[in-house]
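What follows is a single structure, written as structure tokens, with notes after it.
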């Protein structure tokens, strides 16, 4: 699953540290800097219910908005149960659907 992350460098480092502490594997690269914010691209594999819960908990604690885009429909992970999101993700993957994530 990919997340586009727009935040200050130090906020992204804290987010990465949180993922490291939880043992979540990811890759990332910087896409472009804008004013005092940088847009990062973060890929998390494999994605499962536990990973969604960790990202959801972090976003909730920090007041961040995290969205997954599945077949051109966006789902705010704070508004959805991770189990429900996994069902939506699995269905999209079976159909070969488009899956993207956004983290604001």
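Residue numbers (the numbering used here): 11 to 114. For glycine and all other residues, C-beta sits at the position ideal for the given N, C-alpha and C. None of the values given here were measured: they were computed from a predicted structure.
- In DSSP terms, what residue 84 is bridged to: For residue 84, the pairing in a beta bridge is given by DSSP as 79.
- Item | CB contact check: residue 80 to chain B, cutoff 7 Å | In the structure shown, chain B does not exist; there is a single protein chain.
- How many angstroms separate the CA atom of residue 66 from the CA atom of residue 87? Distance from the CA atom of residue 66 to the CA atom of residue 87, rounded to whole angstroms, is 6 Å.
- Query: The alpha helix (DSSP H) spanning residue 59 covers which residue range?
  - Reply: Membership of residue 59 in the alpha helix (DSSP H) is indicated by the continuous run 59 to 72.
- Item | C-beta contact flag for residue 61 and residue 69 at 7 Å | Using a Cβ distance threshold of 7 Å, residue 61 and residue 69 do not count as a contacting pair.
- Would you call residue 92 buried or exposed, if buried means 16 or more other Cβ atoms sit within 10 Å of its Cβ? Label assigned to residue 92: buried.
- Item | Nearest-angstrom Cα separation, counted from residue 102 out to residue 81 | Rounded to the nearest angstrom, the two C-alpha atoms are 7 Å apart.
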